[in-house]
Amino acid sequence: MSRSSKRARVSQMPFEQAVLNPPIHPDKHTLLTAWAKDQGVSIHAAAARVLPGRGAGLVATAPISSGSSIVSVPSPALFKPDANVLKRHGLNRTASPQAKLAFSLVVARAEERLVEWSATWPTMEEFEASMPMFWPERVLVHLPASVSAPLARQRSDYARDWRVVRKAVEGLGLGERRFGYAWCIANSRSFSWIGQMVLCPWVDYMNHAAKGNAEVIVGEGGFEVKAGGDIAESEELTFAYGAHANDKLLVHYGFVPESTEQHANPDDEMRMDHMILPHLSEEVKSQLQDLGYLGSYALLPVDNPCKGDDYHAYYCEDQVWEPCFKTQVAVRAAVLSCNEWEYFATSGEDLGKDKCQAVLDWLQPHIDRAWREAQDHLMRYHPEKDTQNAVALALLNTRWTQICLAFGSVRRPPDGEA
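Numbering (our numbering), first residue to last: 1317 to 1734.
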C-alpha cells in the first residue's frame, strides 16, 4: 500500500485543534455516515462536524494512538468512472480521467444516486464564488501574475473536457452547468486510485494541513486513514494533500491557506519568472535551458521553528524567505562567467568569494517592485463596495498580503524611506 495524494478541497485556515461542536446540519452528516457504514466503511473514534471557519471536517471523538486505524473504505464503496456508461457514449477512449469521472457523476446524479453523499458537497454557487476560473474580468485583473499560467492551463483543461463530452451531456437533456459542477467535484474532491480518479466516501471530509496528524493509505483493497501520531479527543483529523503552493491551491481548489508574519505555508512559493526572465539575455536563457535551470524561479520560506523550552516562554521570529537554488543559478548566470555559474550549479558552492549577496543585490529592484505592487493592490481593495464578489476579493486580499510579507522579508528599503 502507498500514501494517497488527494486532489481535494482544502481548508481555509492553518491546522489547529478543532472544537467539537454539534453539526450545523446534523441530519445531512448523520445520514451520510449511516450510508457510508452501509457501504462497508469502518469508522473508529471519529465524527463529521462543521468547524467554525473551516466548513465540514472530521474530528476525534476519543483519544487515538499513533498508528491506529481510524477509517477504512473498501474499494466497492468508491465512486469510480463507469466503464459501461463511458463506452455507451463513446467516451472511454477520448475523455480525460477527470472528464470520465465527471461524466459518470453527471449520469449518477441524473439517476438520483449518491443522494446522501452529494448533499454534503459544496454547491455550484460556492465554486463560482471561490474559484478564479469563474470570476469576472473586473476581479481577474487583480490576480497576481504568478497565477496566470496555472489558471490558463486549468481553463484549457476544462474547455477540452467540455468539447469531448458536450454531445453526450446534451444527449441526456442536460446543460454545461451540470457537467461543470461535476467537473469541479472531480477536481476538488477526488483521489488517485489504481490509475484512475475516484471519489472516496467520508474520507473526503478531511481537511488539509501541510503537516497533518493522519495518513491516508491507498491500496488495491481501498483506502485507510491511520493516525500519524497521538491525537487528542476533539482534535481535527487532517492530512497533507500534497506539496502545493498557495497559487495552485487558489486556482484549483478555491482557497488560500492563512499564514502569519511568523509562519507561512511551508509548501508555498513566490514565483518570480515574470520578473527575472525578461532581464536574461537569449544567450543566458539558452545556456540555462541546456542545464535544466530555465524557469521556475521563486522565493521559498525558510523553516521557522518556535524557540524556547520548559523554562522560557516560546516565541517565533518573523518568517524569512530566500531565493530557491534555480534562482541562485539564474542570477549568477546573469552576472558571472560561464565557468563560475556552472561550477555553482554543479557543486552548490561559489568559486572563491561567496556570491549570495551579489545575487540579492541583483534581485533588489525586482523585489522592491513586487513589494510595491502588493502594497498597491492592498490599498485598492474595497470588498464592501462589491458584495457580489466579496469571497473572491477576500481571497485576493489574503494572497496579496502574503506576497507583501514575503518580498518585504528580503527587501532593503531605499535610503530615507521611513
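C-beta: ideal position from N, C-alpha, C; glycine also. Bear in mind that the values here come from a model prediction, so they are computed numbers and not experimental data.
Given this structure, state the Cα-to-Cα distance separating His-1345 from Pro-1448, to the nearest angstrom. As a working mapping, residue 1345 is identified with position 29 in the sequence shown. As a working mapping, residue 1448 is identified with position 132 in the sequence shown. Roughly 29 Å between the two C-alpha positions.
Where does Met-1447 sit, in a helix, a strand or coil, going by DSSP? Along the sequence shown, one-based indexing puts residue 1447 at 131. In the three-state reduction of the DSSP assignment, Met-1447 falls in the coil class, being assigned neither a helical nor a strand state.
Rounded to the nearest angstrom, what separates Tyr-1659 and Ser-1725 at their Cα positions? By one-based count along the sequence shown, residue 1659 stands at place 343. By one-based count along the sequence shown, residue 1725 stands at place 409. Rounded to whole angstroms, the gap between the alpha carbons of Tyr-1659 and Ser-1725 is 29 Å.
Can Ala-1690 and Trp-1716 be called in contact, C-beta distance under 7 Å? Start at 1 with the first residue of the sequence shown, and residue 1690 comes out as number 374. Start at 1 with the first residue of the sequence shown, and residue 1716 comes out as number 400. In contact: Ala-1690 and Trp-1716 (Cβ atoms closer than 7 Å).
Cβ separation of Ala-1526 and Ala-1548, assumed to be a contact under 8 Å, to the nearest whole Å: Within the sequence shown, residue 1526 is the residue found at index 210, counting from 1. Within the sequence shown, residue 1548 is the residue found at index 232, counting from 1. So it is not a contact: roughly 20 Å between Cβ atoms.
Could you name each continuous beta strand (DSSP E) segment of 3 residues or more that falls completely within the segment 1603–1685, going from the start of the chain to the end? Qualifying beta strand (DSSP E) stretches, in chain order: 1614–1617, 1623–1625, 1628–1631, 1637–1639.
Considering just the uninterrupted stretch of the alpha helix (DSSP H) at Gly-1369, what are its terminal residues? Numbered from its first residue, the sequence shown carries residue 1369 at position 53. No alpha helix (DSSP H) contains Gly-1369, which DSSP labels as neither H nor E.
So, Arg-1479 versus Val-1422, is the Cβ gap smaller than 7 Å? Residue 1479 sits at position 163 when you count from the first residue of the sequence shown. Residue 1422 sits at position 106 when you count from the first residue of the sequence shown. For Arg-1479 and Val-1422, no; Cβs fall outside 7 Å.
Name, in chain order, the residues that DSSP records as bridge partners for Trp-1509. Taking the first residue of the sequence shown as position 1, residue 1509 is located at position 193. Answer by DSSP bridge pairing, in chain order: Gln-1512.
So the candidates are Ala-1364, Ala-1424, Val-1375, Ala-1502; which of them puts its Cα closest to the Cα of Tyr-1569? As a first step, residue 1569 is located in the sequence shown; it is residue number 253 there, counting from the start. Looking at the Cα atoms, Ala-1502 is the closest of the given residues.
Buried or exposed: where does Leu-1367 fall if 16 or more other Cβ atoms within 10 Å of its Cβ makes it buried? Along the sequence shown, one-based indexing puts residue 1367 at 51. Result: buried.
Based on DSSP bridge pairs, tell me the residues matched to Phe-1395. Here the question's residue 1395 lines up with position 79 in the sequence shown. Bridge partners of Phe-1395: Leu-1515.
How big is the Cα-Cα spacing for Asp-1398 and Ser-1446? Mapped onto the sequence shown, residue 1398 falls at position 82. Mapped onto the sequence shown, residue 1446 falls at position 130. Asp-1398 and Ser-1446 have their C-alpha atoms spaced approximately 29 Å apart.
Beta strand (DSSP E) containing Gly-1535: first to last residue? Taking the first residue of the sequence shown as 1, we reach residue 1535 at position 219. Its beta strand (DSSP E) spans residues 1530–1535.
Taking Cβ positions, are Val-1600 and Ala-1674 nearer each other than 7 Å? The residue you call residue 1600 lines up with position 284 of the sequence shown. The residue you call residue 1674 lines up with position 358 of the sequence shown. Contact: no.
Below 6 Å, is the gap between the Cβ of Gln-1680 and the nearest heavy atom of the ligand NAP? You won't find the ligand NAP in this model; it holds no ligand whatsoever.
Tell me Ser-1358's beta-bridge partners as DSSP assigns them. On the sequence shown, residue 1358 is found 42 positions in, with the first residue counted as 1. Answer is Ser-1388.
I need the DSSP call for Arg-1587, collapsed to helix, strand or coil. Stepping through the sequence shown from its first residue, residue 1587 is reached at position 271. For Arg-1587, the three-state secondary structure derived from DSSP is strand.
CB of Ile-1380 within 7 Å of CB of Ala-1361, strictly: As a first step, residue 1380 must be located in the sequence shown, where it is residue number 64. As a first step, residue 1361 must be located in the sequence shown, where it is residue number 45. Judged by their CB atoms, Ile-1380 and Ala-1361 are nearer to each other than the 7 Å cut-off.
For Phe-1723, the first and last residue of its enclosing alpha helix (DSSP H): Within the sequence shown, numbered from 1, the residue matching residue 1723 stands at position 407. Counting along the chain, the unbroken alpha helix (DSSP H) around Phe-1723 starts and ends at 1706–1726.
Taking the straight line between their C-alpha atoms, what separation do you get for Val-1326 and Lys-1353? Walking along the sequence shown from the start, residue 1326 turns up at place 10. Walking along the sequence shown from the start, residue 1353 turns up at place 37. Caution applies to Val-1326, whose pLDDT of 37 falls short of 50 and renders its modelled position unreliable; the model cannot decide the point.
Burial state of Phe-1395 (16 or more Cβ within 10 Å): The count along the sequence shown starts at 1 and reaches residue 1395 at position 79. Here Phe-1395 is buried. Its C-beta has 16 or more other C-beta atoms within 10 Å.
Identity of the residues DSSP links to Glu-1549 by a beta bridge: On the sequence shown, residue 1549 is found 233 positions in, with the first residue counted as 1. Per DSSP, none; premise fails for Glu-1549.
Hey, quick one: how far does the beta strand (DSSP E) through Phe-1539 stretch, first residue to last? Here the question's residue 1539 lines up with position 223 in the sequence shown. Counting along the chain, Phe-1539 sits inside the beta strand (DSSP E) bounded by residues 1538–1543.
Mapping DSSP to helix, strand and coil, what is Val-1572? On the sequence shown, position 256 is the one that residue 1572 refers to. In the three-state DSSP reduction, Val-1572 falls in the coil class, being neither helix nor strand.
Throw me the rounded Cβ distance for the Asp-1563 and Val-1463 pair, which I believe falls under 8 Å. Mapped onto the sequence shown, residue 1563 falls at position 247. Mapped onto the sequence shown, residue 1463 falls at position 147. Right, the Cβ-Cβ distance comes to about 5 Å (below 8 Å), so this counts as a contact.
Check whether Val-1647 and Trp-1678 have beta carbons under 7 Å apart: On the sequence shown, residue 1647 is found 331 positions in, with the first residue counted as 1. On the sequence shown, residue 1678 is found 362 positions in, with the first residue counted as 1. Yes.
Pair within 7 Å by beta-carbon distance, His-1405 and Ala-1484: As a first step, residue 1405 is located in the sequence shown; it is residue number 89 there, counting from the start. As a first step, residue 1484 is located in the sequence shown; it is residue number 168 there, counting from the start. In this structure, the beta-carbon distance from His-1405 to Ala-1484 falls below 7 Å.
So what's Val-1458 in DSSP terms, helix, strand or just coil? The residue labelled residue 1458 in the question sits at position 142 within the sequence shown. Looking at the sequence itself, residue 1458 is His, so the reference to Val does not match. Looking at His-1458 - three-state DSSP - the assignment turns out to be coil, as it is neither helix nor strand.
Should the segment 1372–1386 be called in touch with the segment 1536–1546, which here means at least 3 C-beta pairs below 8 Å? Judged by Cβ distances under 8 Å, the segment 1372–1386 makes contact with the segment 1536–1546, as three or more pairs qualify.
In three-state DSSP terms, what is Ala-1475? Here residue 1475 refers to the residue found at position 159 of the sequence shown. Here Ala-1475 sits in helix by DSSP.
Thinking Phe-1640 and Leu-1616 are a contact (beta carbons under 8 Å), I'd like their distance in whole angstroms, please. Residue mapping note: residue 1640 aligns to position 324 of the sequence shown, counting from 1. Residue mapping note: residue 1616 aligns to position 300 of the sequence shown, counting from 1. The sequence given here places Cys at residue 1640; Phe does not occur at that position. Distance from Cys-1640 to Leu-1616 at the Cβ level is roughly 5 Å; contact confirmed, criterion being Cβ atoms closer than 8 Å.
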